[in-house]
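In full-length UniProt numbering, the protein residues as written are 1 to 478.
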Amino acid sequence: MTTPATSESRGSDPVTARLDRALHDLAAISPDLIDNANRIGSILWAPPRVVIVGRLKAGKSTLVNALVGARVAATAALEATSVVSIYQEGSPARAEAVLHNGQRLRAPAIKGTLSSLPAEADQISYLHRWLPSASIRDYTLIDTPGLGTLTTENDRRTRRVLIDGFEQTRVASVDADAAVFLFDSAPRADEIDFLRRLGVTPLNTLGVLSRADGFGEGALGVRDPLEHAAEHSRRLAADLAGTVMTVMPVAGLLAETTHTGALTEQDARHLAELAHFEPRELVSTLDRPDPAPLPAAVRDRLLDLLGEDGVLRGREIATQGAAALNAWLAERSGVPALRRILADELGAFARLHRAGRIVRELESLAYTHSARDEIRTVVDGLRTDPAVFDVVLLGHLTAMLGADPTSEVTTELRRMVENPTLPSKLGLPSTAGPDEITRTALDLRAQAHSRSLSTLTAAEDSALATLIHVYGHVGAGR
Ligand SMILES: Nc1nc2c(ncn2[C@@H]2O[C@H](COP(=O)(O)OP(=O)(O)OP(=O)(O)O)[C@@H](O)[C@H]2O)c(=O)[nH]1
Ligand SMILES: [Mg+2]
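Structural data, given as structure tokens:
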């Protein structure tokens, strides 16, 4: 059995190596399959795609900017993201609008935010942007228009590109390998339903309690909003265990400010001038048309960069200069911790999910190409190879979460995919020896077999057939 590769071992991981071999086998079948092998190979060698979803104004685009390290996505209180946008590493910086029929139009030269779209938003399926930013080397980010009944149009665009389009035609749809799901106090049922239809599992979905610097009573409350948000996140993580891998508190605005280099030495000096105010006195000073000692424009800039909480709590540290303030803001934002999860746990399952896309691409080729039998042999060899057991099991888990999330088979699949070592996959302690592992695998195989005699759904039937094969392989001690 393999475990998902971490960021360090990528490139040489067994899943990638095995898929690469299958693509070589495919290309060897006939010359006209070489193009197909290359097209599918481009999925294998591109970074996995992480989609940022959540309701209107949840802070999605702000987080995208923080992760990219530049203000590339429009964020404003009044301006909503209107089309799905993909941010991928690449030089030179450029953008294309992909229309519903798959046609690509070059978007006007960009520096920072796009100046205009080359077609009406309604004709565009998504915007594809390439940016020379090392921060997005390991994952491509997808920013989406907010979900929510108030903005039916935007909500519809997100669903069409990520879900409905995918079901009808692959031309202009976007496949996501993992999701970062933003919400404030708690997600709504329709948002959870959206995630399920997106085809992601709790293993490749990260919950984010966003705008955490305003959580609870906010800047002036007795409690530090970020600490309060962290405590609430732990509770939510337990409540939402069937939907997300964990929940993290994030103040994207603070990270956007630091990671895009927006904060200057002068900003820090201005902020330090406010250090002596009592908190309430400060807030009422900032509310005045003339917020002396600062000019109104400086006050507006500081609030835009730091939010009310950042201004209030950052004053003291600002006396040490912009570098100290930046470091404090970055840590407080929660984004460094989020980046670590994106690179490791979430990234690992996103790569497994991407591998599943490749297996499915090969399978669909076996249906449509005249060399059906040869392709089928390649696919069958791949699907039964221990190197890709986790990939196949994750595919079954995704299907089962849609068909029957409370089934014991769903729980069993999750245990198998989620755990990194063989004993833990089988529900055994890490000290379990080879004999115990063999015995347990064969017991589980027998149970799966008897359950398969009375399955309720096609998804369960197919999942059990794979589990029987996998347990059999482990039980045979290979
Ligand atoms: N205080 C604070 N404000 C934030 C934070 N993140 C975003 N905002 C503000 O919230 C507003 C909306 O942020 P966006 O990033 O545009 O939100 P969005 O989810 O992309 O919005 P739509 O695309 O319209 O759905 C902007 O004014 C941001 O400055 C945060 O962490 N803290
Ligand atoms: Mg947005």
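Where a beta carbon is used, it is the ideal one built from N, C-alpha and C, also for glycine.
- Annotation for residue 380: no residue places its beta carbon closer than 6 Å to its own, counting only its chain and skipping 5 residues before and after.
- Our two residues, residue 335 and residue 67, have alpha carbons roughly 8 Å apart in a direct line.
- Between residue 122 and the set 349, 436, 222 and 98, the nearest pair of CA atoms involves 98.
- When secondary structure is reduced to three states using DSSP, residue 327 falls in the helix class.
- In this structure, 471 is the residue among 376, 471 and 447 with its C-alpha nearest to the C-alpha of residue 423.
- Only residues of its own chain outside the window of five on either side were considered, and among them 179, 181, 205 and 243 have a CB closer than 7 Å to the CB of residue 195, listed in chain order.
- Under the three-state reduction of DSSP, residue 88 is assigned to strand.
- A straight-line Cα-Cα distance of about 32 Å links residue 42 and residue 248.
- Counting along the chain, residue 15 sits inside no beta strand (DSSP E); it lies in the alpha helix (DSSP H) bounded by residues 14-29.
- Fewer than three pairs of CB atoms, one per stretch, sit closer than 8 Å, so the region 221-231 makes no contact with the region 183-190.
- Excluding its 5 nearest sequence neighbours in each direction, residue 395 has C-beta neighbours in its own chain below 6 Å: 356, listed in chain order.
- In the three-state scheme derived from DSSP, where H, G and I count as helix and E and B as strand, residue 277 is classed as coil.
- The continuous beta strand (DSSP E) containing residue 128 extends over residues 124-131.
- DSSP places residue 225 in the uninterrupted alpha helix (DSSP H) bounded by 225-239.
- Under the three-pair Cβ rule at 8 Å, the region 272-281 does not count as touching the region 79-97.
- Judged by DSSP in its simplified three-state form, residue 248 adopts strand.
- In this structure, residue 224 has its beta carbon at no less than 7 Å from each heavy atom of ligand 1.
- With contacts defined by Cβ atoms closer than 8 Å, residue 26 and residue 375 form a contacting pair.
- Residue environment analysis places residue 460 among the buried positions, since at least 16 neighbouring C-beta atoms fall within 10 angstroms of its C-beta.
- Counting C-beta pairs closer than 8 Å gives three or more between the region 217-225 and the region 304-315, which meets the contact rule.
- Within the model, the alpha-carbon separation for residue 256 versus residue 48 is close to 23 Å.
- In its chain, beyond the 5 residues on either side, 393 and 425 have a beta carbon closer than 7 Å to the beta carbon of residue 416.
- For residue 210, the closest of 59, 372, 408 and 137 by C-alpha to C-alpha distance is 59.
- One Cα belongs to residue 294, the other to residue 130, and the distance between them is close to 40 Å.
- With contacts defined by Cβ atoms closer than 8 Å, residue 100 and residue 135 do not form a contacting pair.
- The Cβ atoms of residue 140 and residue 46 lie closer than 8 Å to each other.
- Between ligand 2 and the CB of residue 70, the shortest heavy atom gap is not smaller than 7 Å.
- With contacts defined as CB atoms closer than 8 Å, residue 332 and residue 254 qualify as a contacting pair.
- Of the residues 312, 362 and 443, the one whose Cα lies closest to the Cα of residue 270 is 312.
- Using a Cβ distance threshold of 8 Å, residue 328 and residue 341 do not count as a contacting pair.
- Partner residues in a beta bridge of residue 465, as assigned by DSSP, do not exist.
- According to the DSSP assignment, residue 180 belongs to the beta strand (DSSP E) that extends over 178-183.
- Membership of residue 192 in the alpha helix (DSSP H) is indicated by the continuous run 189-198.
- Counting along the chain, no alpha helix (DSSP H) covers residue 138, and no H or E run does either.
- Under the 10 Å beta carbon count, residue 102 is surrounded by fewer than 16 other beta carbons and is classified as exposed.
- Distance from residue 260 to residue 70 at the Cβ level is roughly 6 Å; contact confirmed, criterion being Cβ atoms closer than 8 Å.
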